[in-house]
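Just below is one structure, and these are the notes that go with it.
Numbering (my numbering), first residue to last: 307 to 563.
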């Protein structure tokens, strides 16, 4: 039986929603797969972890707690943004360093607000083709995929670091990240590079200079040119085509067409 590894990270505020998310995963993936659910955190009460573990066992999901002892080290990844998102938003960047080495890939999902509506085999097991992540294009001003050099052009830069990808669900190539020894220093270097460009994003907080749109902007810039966009080779970029990663706006637009 094939194994699927799903990971997420959050603080205690979203814990109640994890129970719904676990049930949703069970309804769509069991019993076809062995499902492991990995929860990265540093401030969820032990009682909540015990309840999540028991509920997962009841559903047939293997629950794993990953306590991130070095959470303060993630502060460097937030220096180019405001304080809207906590450190937990970035824990999946180094998932390969916390998970067992035999796990070569994992699906990251946002805690609490991602739902499954069927089998995800074609997305989860898609070949990486030498790329670090598999995602869906969210927003782009052109059909061609962006490259690292495009980070030096302001219009393209803003696309990449804002919502080029939607990080609500990503397949992570853990094996490749281990081979290239991707670590927090790597991401910090990317952060410093982006801040050196001095391209500022417009936000609702004019008092803080924001250089990238939190985790999804940083990870898009970190691996730009080495991201596999699911089904892009067949359809190219189409604004409403976001397989395995729809946003509410897209759903509403589909309902009215």
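The beta-carbon is built from N, C-alpha and C at its ideal position, and this holds for glycine as well.
Proximity below 8 Å, CB of residue i to CB of residue j
i: residue 479; j: residue 411; result: yes
i: residue 393; j: residue 346; result: no
i: residue 399; j: residue 463; result: no
i: residue 490; j: residue 440; result: no
i: residue 474; j: residue 409; result: no
i: residue 376; j: residue 350; result: no
i: residue 270; j: residue 307; result: For residue 270 there is no data in the structure shown, the boundaries of the chain being 307 and 563.
i: residue 418; j: residue 327; result: yes
i: residue 355; j: residue 438; result: no
i: residue 413; j: residue 312; result: yes
Neighbourhood of residue i by C-beta, 6 Å cutoff - its chain only, sequence neighbours within 5 removed
i: residue 544; result: none
i: residue 443; result: 535 and 543
i: residue 359; result: 369
i: residue 521; result: 395, 396 and 473
i: residue 470; result: 526
i: residue 432; result: 440
i: residue 537; result: 549
Contacts around residue i, its chain only, beta-carbon distance under 7 Å, and the 5 residues preceding and following it disregarded
i: residue 527; result: 457, 466, 467, 496, 500 and 518
i: residue 557; result: Any reading at residue 557 is ruled out, since the residue's pLDDT is 45, under 50, leaving its predicted position unreliable.
C-alpha gap between residue i and residue j, whole angstroms
i: residue 563; j: residue 447; result: Any reading at residue 563 must be qualified, since the residue scores a pLDDT of 34, below 50, and its modelled position is unreliable; no value is offered.
i: residue 531; j: residue 353; result: 43 Å
i: residue 449; j: residue 542; result: 7 Å
i: residue 540; j: residue 503; result: 34 Å
i: residue 366; j: residue 321; result: 19 Å
i: residue 488; j: residue 357; result: 33 Å
i: residue 324; j: residue 373; result: 17 Å
i: residue 331; j: residue 362; result: 10 Å
i: residue 551; j: residue 428; result: 14 Å
i: residue 461; j: residue 451; result: 14 Å
i: residue 483; j: residue 459; result: 27 Å
i: residue 402; j: residue 529; result: 15 Å
i: residue 425; j: residue 513; result: 44 Å
i: residue 560; j: residue 445; result: Because the pLDDT of residue 560 is 41, which lies under 50, any placement of that residue in the model is unreliable, and the question is left without a value.
i: residue 385; j: residue 523; result: 13 Å
i: residue 314; j: residue 420; result: 10 Å
i: residue 344; j: residue 430; result: 16 Å
i: residue 337; j: residue 406; result: 23 Å
The alpha helix (DSSP H) enclosing residue i, as first and last residue numbers
i: residue 540; result: 538–541
i: residue 328; result: 321–335
i: residue 525; result: 520–528
i: residue 420; result: Neither: residue 420 is in no alpha helix (DSSP H) and is coded neither H nor E.
i: residue 360; result: 352–365
i: residue 401; result: 401–404
i: residue 429; result: 427–430
Boundaries of the beta strand (DSSP E) in which residue i is found, first to last residue
i: residue 478; result: 475–479
i: residue 309; result: 309–315
Residue i CB to nearest heavy atom of the ligand HEM below 7 Å
i: residue 373; result: You won't find the ligand HEM in this model; it holds no ligand whatsoever.
Paired residues, beta bridge with residue i - DSSP
i: residue 411; result: 479
i: residue 443; result: 471
i: residue 533; result: 439
i: residue 370; result: 344
i: residue 507; result: 516
Other residues of its chain near residue i: CB distance less than 8 Å, five sequence neighbours each side excluded
i: residue 379; result: 490
i: residue 422; result: 330, 331, 333, 334 and 335
i: residue 506; result: 515, 516 and 517
i: residue 388; result: 509, 511, 514 and 516
i: residue 309; result: 339, 340, 341 and 342
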